[in-house]
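**Q**
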Amino acid sequence: QKEVEQDPGPLSVPEGAIVSLNCTYSNSAFQYFMWYRQYSRKGPELLMYTYSSGNKEDGRFTAQVDKSSKYISLFIRDSQPSDSATYLCAMKSGANNLFFGTGTRLTVIP
Amino acid sequence: SQTIHQWPATLVQPVGSPLSLECTVEGTSNPNLYWYRQAAGRGLQLLFYSVGIGQISSEVPQNLSASRPQDRQFILSSKKLLLSDSGFYLCAWSDQGNYGYTFGSGTRLTVV
């Protein structure tokens, strides 16, 4: 079983839709959870960072962590064409290495 | 502010040729440094990480090596490239106490 599972998509939504991106994981020691956004041919950029369970909101983006279910989500409200990118979840425990999902490719259609 | 530089952006190399990719970080001291390879549909694969000068940990046995000759410089090398070395190579850094990584812009390597 992979440490982190993420549906690769692709996911296509109309502009203005609410987008839900999800990851599941198997290691209960993970405490730090992140979402990265990666535009084509660019390096990933950190979008959201959450410690332990709960919600975190930043503008149109909301990250949720449910440690009891080993499930994390990223919601994008009022999606825009500029949100079209690949979204990668990532997580770690206190150790050095960050475990990434394979990424979900999102296209927002104008 | 901290910045990370990675070059070149693209590279086409023949099989059997050597490789040297360089990454430098500015605006921080004693960062953790990482080399990742990203293949389509396979996510990010950690190749090497370093917590200090001369300290390299290898995650995946392969045709590549890494070195950290200076605090903020990380180099990925190969003596003889294979076709399977093609991919998108990313350098990243993090503070010792910060669990978020900052990535460079990547190098797209094509071995022909």
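In order, the protein sequences belong to chains A and B. Residues in the first sequence are numbered consecutively from 1, following my numbering. Residues in the second sequence are numbered consecutively from 1, following my numbering. Cβ atoms here follow ideal geometry from the backbone N, Cα and C, with glycine treated the same way.
Using 8 Å as the cut-off, can you tell me whether the segment 4-18 of chain B makes contact with the segment 48-63 of chain A, which would need three or more C-beta pairs spanning the two stretches below that distance?
**A** By the Cβ test, the segment 4-18 of chain B is not in contact with the segment 48-63 of chain A, since fewer than three Cβ pairs between them sit closer than 8 Å.
**Q** Are there 16 or more other CB atoms within 10 angstroms of the CB of residue 14 of chain B, so buried, or fewer, so exposed?
**A** By 1-based counting over the second sequence, the position of residue 14 of chain B is 14. Flag for residue 14 of chain B reads exposed.
**Q** Taking 9 Å as the threshold (beta carbon to beta carbon), is residue 59 of chain B in contact with chain A?
**A** In the second sequence, residue 59 of chain B corresponds to position 59, counting from 1. Answer yes: the Cβ-Cβ gap between residue 59 of chain B and chain A drops below 9 Å somewhere.
**Q** For residue 47 of chain B and residue 100 of chain A, I'd like the C-alpha separation in whole angstroms.
**A** Your numbering for residue 47 of chain B matches position 47 in the second sequence. Your numbering for residue 100 of chain A matches position 100 in the first sequence. One alpha carbon belongs to residue 47 of chain B, the other to residue 100 of chain A, and they sit about 13 Å apart.
**Q** So which residues of chain B does residue 60 of chain A contact, with C-beta pairs closer than 9 Å?
**A** Residue 60 of chain A sits at position 60 when you count from the first residue of the first sequence. Simply none; closest approach about 20 Å.
**Q** By Cβ distance, which residues of its chain are closer than 7 Å to residue 54 of chain B, with the 5 residues on each side in sequence left out?
**A** Translated into positions along the second sequence, residue 54 of chain B becomes position 54. If we look at residue 54 of chain B and ignore the five residues flanking it on each side, its Cβ neighbours are 68.
**Q** Which residues does DSSP pair with residue 75 of chain B in a beta bridge?
**A** Here residue 75 of chain B is taken as the residue at index 75 of the second sequence, counted from 1. DSSP lists B:22 and B:67 as partners of residue 75 of chain B.
**Q** Please confirm if residue 46 of chain B has its CB atom under 9 Å from at least one CB of chain A.
**A** Here residue 46 of chain B is taken as the residue at index 46 of the second sequence, counted from 1. Yes, its Cβ sits closer than 9 Å to a Cβ of chain A.
**Q** Cα separation between residue 103 of chain B and residue 9 of chain B?
**A** Locating residue 103 of chain B in the second sequence gives position 103, where the first residue counts as 1. Locating residue 9 of chain B in the second sequence gives position 9, where the first residue counts as 1. Going from the Cα of residue 103 of chain B to the Cα of residue 9 of chain B covers about 13 Å.
**Q** Alpha carbon to alpha carbon, how far is residue 18 of chain B from residue 84 of chain B? Give it in angstroms, no decimals.
**A** Your numbering for residue 84 of chain B matches position 84 in the second sequence. Your numbering for residue 18 of chain B matches position 18 in the second sequence. Each residue's Cα considered, the two are about 14 Å apart.
**Q** Would the segment 84-96 of chain A count as touching the segment 63-82 of chain B if we require 3 or more Cβ pairs under 8 Å?
**A** no
**Q** So, residue 44 of chain A versus residue 44 of chain B, is the Cβ gap smaller than 9 Å?
**A** Taking the first residue of the first sequence as position 1, residue 44 of chain A is located at position 44. Taking the first residue of the second sequence as position 1, residue 44 of chain B is located at position 44. A contact, by the Cβ cut-off of 9 Å.
**Q** In chain B, which residues lie less than 7 Å from residue 92 of chain A when you measure between Cβ atoms?
**A** The residue given as residue 92 of chain A occupies position 92 in the first sequence. In chain order: 99.
**Q** Check whether chain B comes within 9 Å of residue 97 of chain A, counting only Cβ atoms and requiring the distance to be less than that.
**A** Here the question's residue 97 of chain A lines up with position 97 in the first sequence. Answer yes: the Cβ-Cβ gap between residue 97 of chain A and chain B drops below 9 Å somewhere.
**Q** With distances taken from CA atoms, which of B:52, B:34 and B:92 is nearest residue 60 of chain B?
**A** Within the second sequence, residue 60 of chain B is the residue found at index 60, counting from 1. The option with the nearest alpha carbon to residue 60 of chain B is B:34.
**Q** Which chain B residues sit within Cβ distance under 7 Å of residue 81 of chain A?
**A** As a position in the first sequence, residue 81 of chain A is number 81, starting the count at 1. Simply none; closest approach about 22 Å.
**Q** Residues of the segment 78-110 of chain B with a CB closer than 9 Å to any CB of chain A: list them in chain order, please.
**A** 88, 90, 91, 92, 94, 99, 100, 101, 102, 103, 104, 105, 106 and 108
**Q** What number of angstroms, rounded off, separates the C-alpha of residue 31 of chain B from the C-alpha of residue 42 of chain B?
**A** If you number the second sequence from 1, residue 31 of chain B lands on position 31. If you number the second sequence from 1, residue 42 of chain B lands on position 42. Distance from the CA of residue 31 of chain B to the CA of residue 42 of chain B, rounded to the nearest whole angstrom, comes to 27 Å.
**Q** If you reduce the DSSP assignment to three classes, tell me which class residue 84 of chain B lands in.
**A** Start at 1 with the first residue of the second sequence, and residue 84 of chain B comes out as number 84. If DSSP states are grouped into helix, strand and coil, residue 84 of chain B belongs with the helices.
**Q** If you measure beta-carbon to beta-carbon, which residues of the segment 19-48 of chain B are closer than 7 Å to chain A?
**A** Within the segment 19-48 of chain B, the residues whose Cβ lies closer than 7 Å to some Cβ of chain A are 32, 41, 42, 43, 44 and 46, listed in chain order.
**Q** Mind checking if residue 45 of chain A is an interface residue toward chain B, Cβ cutoff 9 Å exclusive?
**A** To locate residue 45 of chain A, count along the first sequence from 1; it is residue 45. Yes, residue 45 of chain A lies at the interface with chain B (some Cβ there is under 9 Å from its Cβ).
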